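Residue numbers (the UniProt record's numbering): 1 to 260.
See below:
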C-alpha cells in the first residue's frame with residue numbers, strides 16, 4: 001500500500017493561489033503518510049518541460065522539512081503545471097536504494113504508483129524495453145512499459161497502445177504520470193487501487209489523492225467525487241480545466257481479466 005497525490009494547475013495563477021497550492025500539496029502528502037512511511041518523493045513540472053525531482057527513504061513528516069523538498073517547492077511558480085507526490089510502503093525493492101523510490105523516471109515518463117505488479121521480472125525479461133533496469137521495485141516495470149509507448153501520447157493511437165500495455169501487466173495499480181514533452185497533461189491509470197480527484201475553482205487546480213478523506217477535510221462537502229471508475233485511464237489538460245473541471249479530456253479502456 002502506497003499513497004499517491006498530485007495537483008494539475010491552470011495557467012495564470014497568482015502568487016497567493018500558488019502559496020495555497022503549495023500548502024495543499026504538503027497537507028495532501030502528509031495525509032497520505034499513513035499509506036506509506038518508508039520513503040517519500042516529489043516531482044515538479046514546468047510548462048517549459050523542465051522538471052525537479054527529490055525523494056528519500058524517510059517519512060513524509062520528515063521529508064517536508066528537508067532541503068530537497070523545500071528546494072523543489074521553492075521553485076513553484078506561475079510556470080508550474082504539475083506536482084506529483086508519493087509515500088511508499090515497499091512490496092519489493094529496498095527503500096534504501098533511492099532508485100526504488102518514487103517518483104520513478106524511465107526515459108520520457110515520470111510516475112508515481114500505488115499497487116503491486118506481480119510479473120515485473122517477466123516484463124523486463126520478455127518485453128522490448130529500452131535501457132537497463134535501474135532498481136528492483138515492481139513499479140518500474142509499468143513505468144518502463146509506459147515509456148515504450150511515450151512517442152504516441154499526443155496521437156489518437158495512444159488509446160490502442162495503452163490498452164496493449166494493460167494487457168501485459170498483471171497486478172493492481174493507480175498511477176499518475178507525466179511526459180515533460182507534454183507539460184500541460186497528466187495521465188491517470190486506475191485498476192483496483194484508490195484515487196480520488198477534486199476540482200477547486202478558486203485555485204484553478206485539480207487535486208488528486210489516494211485518500212478521499214483528505215479531500216473531504218480540505219474542501220468539505222464540495223468534494224463530492226468519492227472515486228473514479230476502475231479499469232480506466234484518464235487524461236487531463238491544465239489549459240482546459242476551467243471547461244472540463246474534474247472531467248478528463250480523454251478516457252482509455254484498460255484490459256481486465258481474472259488473472260489480474
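In this text, a Cβ means the ideal position worked out from N, Cα and C, and glycines have one as well.
Remember, predicted model here, so these are calculated numbers, not experimental data.
Sequence-distant residues of the same chain with beta carbon closer than 8 Å to residue i, five excluded per side
i           : result
residue 49  : 180, 181, 183
residue 122 : none
residue 89  : 1, 2, 35, 36, 37, 38
Burial state of residue i, where buried means 16 or more other Cβ atoms lie within 10 Å
i           : result
residue 204 : buried
residue 140 : buried
residue 57  : buried
residue 229 : exposed
residue 254 : buried
residue 10  : buried
residue 14  : exposed
Cβ neighbours of residue i in the same chain (closer than 6 Å, five flanking residues each side left out)
i           : result
residue 31  : 211, 214
residue 142 : 117, 169
residue 85  : 5, 29, 42
residue 245 : 199
residue 99  : 134, 135
residue 144 : 106, 129
residue 60  : 29, 30, 33, 40, 87
residue 93  : 100, 135, 136, 137
Distance, residue j Cα to residue i Cα
i           : j           : result
residue 259 : residue 46  : Residue confidence is low: residue 259 scores 45 on pLDDT, short of 50, so the model does not pin down where it sits. Its coordinate-derived value is still stated next. Straight-line Cα distance between these residues: approximately 39 Å.
residue 1   : residue 147 : 24 Å
residue 112 : residue 67  : 21 Å
residue 3   : residue 135 : 20 Å
residue 172 : residue 191 : 6 Å
residue 243 : residue 33  : 32 Å
residue 8   : residue 24  : 12 Å
residue 248 : residue 207 : 13 Å
residue 154 : residue 54  : 27 Å
residue 196 : residue 129 : 31 Å
residue 125 : residue 156 : 29 Å
residue 237 : residue 35  : 27 Å
residue 187 : residue 52  : 18 Å
residue 131 : residue 167 : 22 Å
residue 221 : residue 202 : 15 Å
residue 76  : residue 231 : 33 Å
residue 240 : residue 185 : 10 Å
residue 17  : residue 217 : 19 Å
residue 97  : residue 62  : 18 Å
residue 12  : residue 44  : 17 Å
residue 163 : residue 20  : 37 Å
residue 91  : residue 177 : 20 Å
residue 219 : residue 152 : 36 Å
When the options are compared against residue i, the one with the closest alpha-carbon
i           : options          : result
residue 115 : 101, 94, 138     : 138
residue 40  : 7, 18, 95, 9     : 95
residue 82  : 194, 63, 89, 103 : 103
residue 65  : 80, 26, 119      : 26
Cutoff 7 Å; reference residue i; Cβ partners in own chain excluding five residues on either side
i           : result
residue 250 : 235
residue 150 : 107, 108, 109, 179
residue 159 : 252
residue 73  : 22
residue 165 : 145, 146, 149
residue 262 : Since the first and last residues shown for the chain are 1 and 260, residue 262 lies out of range.
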